[in-house]
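What follows is a short report on a single structure.
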Amino acid sequence: MSAEAERKTENLPQWKKEEVEELADLLEDYESVGIVGLTGIPSKQLQDMRRDLYGTAEVRVSRNTLQVRALEDAGYEDLVEHVEGHVGLVATNDNPFTLYKELEASKTPAPINEGEVAPNDIVIPEGDTGVDPGPFVGELQGIGANARIEDGSIQVMEDSTVLEAGGEVSADLANVLNELGIEPKEVGLDLRAVVAEGVLFDPEDLDIDVEAYESDVATAAARARNLAVNAEYPTASTVPTLVAKATGEAKSLGLQAAIEDEELMPDLVSKADAQLRALAAQIDDEEALPDELQD
Amino acid sequence: MEYVYAALILNESGEEINEDNLTDVLDAAGVDVEESRVKALVAALEDVDIDEAVEEAAAAPAAAAGGAAAGG
Amino acid sequence: MEYVYAALILNESGEEINEDNLTDVLDAAGVDVEESRVKALVAALEDVDIDEAVEEAAAAPAAAAGGAAAGG
Amino acid sequence: MEYVYAALILNESGEEINEDNLTDVLDAAGVDVEESRVKALVAALEDVDIDEAVEEAAAAPAAAAGGAAAGG
Amino acid sequence: MEYVYAALILNESGEEINEDNLTDVLDAAGVDVEESRVKALVAALEDVDIDEAVEEAAAAPAAAAGGAAAGG
Amino acid sequence: MEYVYAALILNESGEEINEDNLTDVLDAAGVDVEESRVKALVAALEDVDIDEAVEEAAAAPAAAAGGAAAGG
Amino acid sequence: MEYVYAALILNESGEEINEDNLTDVLDAAGVDVEESRVKALVAALEDVDIDEAVEEAAAAPAAAAGGAAAGG
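Residue numbers (my numbering), protein chains in the order written: chain A, 42 to 336; chain B, 592 to 663; chain C, 592 to 663; chain D, 592 to 663; chain E, 592 to 663; chain F, 592 to 663; chain G, 592 to 663.
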């Protein structure tokens with residue numbers, strides 16, 4: 042710990058000092074440090090997540106003021122603004138993109154409660170609700186779902202968006218969702234920002250489009266193939282194309298020059314036949330043509 | 592078909608496509624020549640650009656041959 | 592293509608496709624016949640079933656005709 | 592696309608596609624390496640079956656040539 | 592097709608496509624050269640723009656390669 | 592194809608595609624570099640406009656099918 | 592393409608496609624032979640069944656004759 046950091050912590054009570062020191066150790070031990078949102082994660086689940094991440098990343102929860110102090114001491118000022126609400130520190134030697142992918146993949150669905158803000162559009166899916174006819178159909182209609190009674194049960198006729206992202210969940214909606222067992226939230230460690238080897242990454246930066254990369258790989262491979270073939274550079278994968286190209290060229294020349302080659306004869310004969318037919322097609326007079334050339 | 596081929600040969604050799612020439616070619620090939628057909632062909636070809644028709648077909652046999660494959 | 596056309600005329604008239612007959616047809620058409628091409632053609636056609644080759648082309652006649660039309 | 596090419600070399604040589612190796616290859620080629628692009632590529636390729644993508648390109652290179660999204 | 596390939600090599604090397612040169616190339620490749628075919632080839636190529644004919648093939652390079660695939 | 596990829600990286604970084612640079616890139620990728628292949632690549636690329644050559648489809652089997660279809 | 596043509600002649604004549612034979616053919620054609628390209632071609636052909644490649648190309652005979660051009 043630097044002398045400056047030493048000085049900053051000297052006015053803290055002993056337990057806080059120790060905690061900041063622990064955080065400082067954490068920040069020092071790993072190449073990448075980030076802030077994760079912990080909102081809505083039951084402590085049991087948080088324990089499980091921390092265990093699942095063992096060996097990949099370390100998550101530490103502490104008072105925000107102490108986190109801020111540790112971050113400032115360690116030179117992670119860029120992360121301080123993200124320490125807001127219920128958050129923790131995450132530290133890893135992994136690639137931050139990989140960390141983001143792993144955290145996203147570990148998120149699990151959870152019910153949403155009255156008064157919470159919808160993180161994404163809430164949709165009641167089309168289909169049989171399995172609920173017997175009764176007042177529930179009215180509740181569904183009340184929150185904006187296209188529902189009616191059919192075949193002895195309550196059916197939702199089409200996917201119905203009942204609340205858009207950012208909207209507040211009403212008591213009625215929370216009830217309906219609860220009744221249907223719909224869990225519209227994704228709960229998990231929510232990576233807010235990471236600094237990896239001095240570079241700050243936002244979630245938008247970290248959310249890579251794997252398909253685009255896949256398409257880039259295909260493009261790169263196609264370009265290399267094109268170049269190799271067009272530059273006539275033989276490799277095991279381009280030689281068949283080069284051979285095909287060379288034979289195609291020879292054939293094209295052979296047909297254009299009507300070269301008397303055994304291999305070319307069938308094509309030359311069909312070329313002659315096609316020319317005959319093309320010419321015949323220009324002739325209107327039936328007298329001039331044999332039966333087989335008349336339409 | 593032989594009448595049309597005869598016309599195509601004359602077209603390539605640069606000879607005039609007339610009754611005499613067509614008849615000569617067909618005779619040489621052992622064809623029992625029908626005069627009326629020769630007449631009709633000469634008349635019919637008067638307004639046709641043979642080179643153009645032939646050139647267009649040169650691209651097409653490929654299409655033709657490939658057509659079967661592509662369809663398969 | 593005149594050599595090929597000549598062979599096809601002979602094929603249709605039922606005459607043998609040999610050097611003499613080909614030369615006769617081409618001569619009659621005013622072609623300055625090259626013996627070597629005639630020889631090579633006869634040799635090349637030895638194992639070729641002309642009718643089959645024509646039939647294959649004819650199998651997609653629409654393609655040929657259409658090609659010409661599309662080009663025109 | 593140089594980052595992707597570098598990954599493809601490593602893929603063929605059988606070396607691991609990781610940050611160090613990619614950086615080495617790009618460095619050797621005189622590329623001014625951006626660490627974050629390397630990191631993103633490594634993470635993204637974890638989920639890509641490179642051999643499959645390459646093979647697909649060989650089958651329909653023209654189609655693939657349109658792609659260029661991220662690495663470009 | 593070896594005679595045609597020989598002509599194509601000469602075309603690329605810029606050497607004249609004549610009987611001697613063709614024979615030399617084919618000889619070197621262990622081909623039992625037939626003089627009349629060589630003669631016929633030279634005659635056939637006399638008025639042909641080889642580069643153009645080759646280029647036309649290039650317009651559909653893979654057509655050849657992909658024939659089977661295209662058929663499927 | 593690793594040699595070709597190496598050339599493409601150099602092309603993008605603006606470095607010269609010569610034997611030394613190619614060898615450096617391939618070395619860095621852990622490739623057991625064969626000098627003759629490097630030489631051959633440099634020779635093959637000498638007169639090639641790489642940017643153009645990479646875009647020009649070298650194999651487009653779909654085109655074949657399309658060509659035939661268009662003809663039909 | 593002269594190197595590939597040379598390989599194809601050897602393939603047809605039944606001679607081995609090795610460095611010496613390729614060099615002989617190219618030499619005879621007046622090509623300024625680059626050893627490295629010959630080597631690279633021989634190496635590449637080691638893993639390829641050339642007859643199969645030729646046959647596949649032959650499967651779409653007409654396409655090569657200009658089918659794609661017609662479509663395009």
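Glycine residues also receive a C-beta, built at the ideal position from the N, C-alpha and C atoms. All values reported here derive from a predicted model rather than from experimental measurement.
Same chain, Cβ closer than 8 Å to residue i, five either side skipped, listed in chain order
| i | result |
| --- | --- |
| A:Gly126 | Gly78, Thr80 |
| A:Leu283 | Val270, Glu273, Pro275 |
| A:Glu72 | Thr133, Asn134, Ala237, Glu238 |
| D:Ala620 | Glu593, Ala597 |
| A:Gly168 | Gln196, Val197 |
| A:Ala159 | Ile153, Leu204, Glu205, Ala206, Gly207, Gly208, Glu209, Val210, Pro225 |
Under 7 Å by beta carbon: chain C residues contacting residue i
| i | result |
| --- | --- |
| E:Ala635 | Arg628 |
Cross-chain neighbours of residue i in chain F, by beta carbon under 7 Å
| i | result |
| --- | --- |
| A:Ala269 | Met592, Val595 |
Same chain, Cβ closer than 6 Å to residue i, neighbours up to 5 away in sequence not counted
| i | result |
| --- | --- |
| A:Pro166 | Asp200 |
| A:Glu205 | Asp162 |
| A:Thr202 | Asp162, Val164 |
| C:Glu607 | none |
| A:Val172 | Ile195 |
| C:Ile641 | Asn602 |
Chain-ordered neighbours of residue i on chain E, where CB pairs are closer than 9 Å
| i | result |
| --- | --- |
| A:Gln88 | Near A:Gln88 there are no residues of chain E at all, since even the closest Cβ is about 55 Å away, more than 9 Å. |
Contacts that residue i makes with chain E (C-beta to C-beta distance below 7 Å)
| i | result |
| --- | --- |
| C:Ala631 | Ser627, Arg628, Ala631 |
| A:Ile300 | Val595, Leu632, Ala635 |
Where residue i meets chain D, residues with beta-carbon distance less than 9 Å
| i | result |
| --- | --- |
| F:Glu606 | Ala620, Gly621, Val622 |
Outcome for residue i when other beta-carbon atoms lying within 10 angstroms are tallied against a minimum of 16
| i | result |
| --- | --- |
| A:Gly239 | exposed |
| A:Gln196 | buried |
| C:Asp611 | exposed |
| F:Ala661 | Caution applies to F:Ala661, whose pLDDT of 28 falls short of 50 and renders its modelled position unreliable; the value that the coordinates give is listed next. F:Ala661 is buried by the Cβ-count criterion. |
| A:Asp243 | exposed |
| A:Asn154 | exposed |
| A:Tyr117 | buried |
| A:Met198 | exposed |
| A:Tyr254 | buried |
| A:Ala291 | buried |
| A:Pro176 | exposed |
Chain C contact residues for residue i, given Cβ-Cβ distances below 8 Å
| i | result |
| --- | --- |
| A:Leu294 | None at all; the shortest Cβ gap to chain C is about 14 Å. |
Strand pairing of residue i, partner residues [DSSP]
| i | result |
| --- | --- |
| A:Phe242 | A:Val235 |
| A:Leu67 | A:Leu67 pairs with nothing; no bridge assigned. |
| A:Lys226 | A:Ala151 |
| A:Ala132 | A:Val74, A:Glu99 |
| A:Thr202 | A:Val164 |
| A:Gln108 | Its beta-bridge partners do not exist; DSSP assigns none. |
Beta-carbon proximity of residue i to residue j, cut-off 9 Å
| i | j | result |
| --- | --- | --- |
| B:Ala598 | A:Leu330 | no |
| G:Leu632 | A:Val280 | yes |
| C:Ala644 | A:Ser311 | yes |
| A:Gly75 | A:Arg101 | no |
| G:Ser627 | F:Val629 | yes |
| A:Ile190 | A:Ser211 | no |
| G:Ala648 | A:Ala259 | no |
| A:Glu145 | A:Asp248 | yes |
| A:Thr149 | A:Gln86 | yes |
| A:Leu53 | A:Ala111 | no |
| A:Leu294 | E:Leu636 | yes |
| A:Ala234 | A:Leu120 | yes |
Contacts around residue i, its chain only, beta-carbon distance under 7 Å, and the 5 residues preceding and following it disregarded
| i | result |
| --- | --- |
| F:Val624 | Thr614, Leu617, Asp618 |
| F:Ala651 | Per-residue confidence for F:Ala651 stands at a pLDDT of 37, beneath the threshold of 50, marking its modelled position as unreliable; the derived number appears in the next sentence. Cβ within range, chain order: n/a, list empty. |
| A:Ala98 | Val131, Ala132, Thr133, Asp135, Leu140 |
| E:Val622 | Glu593 |
| A:Ser103 | Glu60, Leu64 |
| A:Lys57 | Leu107 |
| A:Phe138 | Leu247, Ile249 |
| A:Glu143 | Thr97 |
Neighbouring residues, chain A, relative to residue i (Cβ below 9 Å)
| i | result |
| --- | --- |
| C:Val639 | Glu303, Met306, Pro307, Val310 |
Partners in chain A for residue i, counting only beta-carbon separations shorter than 8 Å
| i | result |
| --- | --- |
| E:Glu647 | Ser293, Gln297 |
| G:Leu599 | Val284, Ala287, Thr288, Ala291 |
Within chain C, the residues that residue i reaches when beta carbons sit closer than 9 Å
| i | result |
| --- | --- |
| A:Ala287 | In chain order: nothing, as chain C lies at least about 21 Å away. |
Within chain A, the residues that residue i reaches when beta carbons sit closer than 7 Å
| i | result |
| --- | --- |
| D:Leu572 | Coverage of chain D is limited to positions 592 through 663, which leaves residue 572 of chain D absent and any answer about it impossible. |
Neighbouring residues, chain D, relative to residue i (Cβ below 7 Å)
| i | result |
| --- | --- |
| F:Glu610 | In chain order: nothing, as chain D lies at least about 14 Å away. |
Per-residue contacts from residue i into chain F (C-beta, under 9 Å)
| i | result |
| --- | --- |
| D:Glu643 | Those do not exist, as D:Glu643 stays about 15 Å from chain F at its closest Cβ, beyond 9 Å. |
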